[in-house]
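In what follows, a structure is listed as structure tokens, so that the remarks can point back to it.
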Amino acid sequence: MTRRWYKQFWPWFLIFLPMCAVVASFTTLYIAIGAQQDMVVDDYYKKGKAINFQKDKQNAAMALKLSVDLALQPDAVAIDFVTGASSLDGSALEVNFYHTTLASKDFTVLAVKDARGQYKAPLTQEITGKWRVTIEPYDAQWRLRKTLKLPLEQTIHIDPLSH
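Quick note: the sequence shown uses our numbering, first residue 1143, plus one each step.
Structure representation (structure tokens):
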């Protein structure tokens, strides 16, 4: 007399293989739903159309021959214009810090000009890691940007061709 199928080794072995794939799929789904990462940009089409506008701002900075030195202290950011400062109206500068992967860490500070002609802004949080820094005037006519690995030991030079 032959043994029933459920008492055999090979049917259970053959059932086990697809069941492993099913369990792995549900585990992957659980991890994907539970550990969802922030999207830095959620509307790629609009961002793609805005690239030309951003290039116009970069071209405006190039036309003004702007370049700055950026110094980050633990509690403040200081900006000195190396070239192109004569073409500015002295308004405040908006300094945006964009974390490269976590949108929840992004923040903006407003840098105002002091008596020595240096733009300074307080930092309320410690920043470490890879950040994209953009500097633009309050009227948003031009933009300088650079990707930095923070903290910095020295002053960083930023010009329109910096990335």
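C-beta atoms are modelled at their ideal positions from N, C-alpha and C, and glycine is treated no differently.
- DSSP places Tyr1172 in the helix class (H, G or I) of the three-state scheme.
- A buried status is given to Pro1302, since no fewer than 16 other beta-carbon atoms sit within 10 Å of its beta-carbon.
- It is roughly 55 Å from the alpha-carbon of Lys1247 to the alpha-carbon of Phe1151.
- Judged by their CB atoms, Ala1202 and Thr1297 are not nearer to each other than the 7 Å cut-off.
- Contact between Glu1236 and Tyr1280 holds: CB atoms are separated by about 6 Å, below the 8 Å threshold.
- Looking from the CA of Tyr1261, the closest CA among Ala1220, Gly1226, Val1251, Arg1287 belongs to Ala1220.
- Excluding its 5 nearest sequence neighbours in each direction, Tyr1148 has C-beta neighbours in its own chain below 8 Å: Trp1154, listed in chain order.
- Nearest to Lys1255 by C-alpha distance, out of Leu1230, Phe1239, Thr1243, Thr1270, is Leu1230.
- Each residue's CA atom was taken as its position, placing Ala1218 and Thr1266 some 8 Å apart.
- DSSP places Trp1273 in the uninterrupted beta strand (DSSP E) bounded by 1271–1279.
- The C-beta of Gly1176 has fewer than 16 other C-beta atoms within 10 Å across all chains shown, which makes the residue exposed.
- With respect to the C-alpha of Arg1258, the residue from Asp1222, Ile1300, Thr1170, Met1161 having the closest C-alpha is Asp1222.
- Pairing Lys1288 with Ala1205, the inter-Cα distance amounts to about 18 Å.
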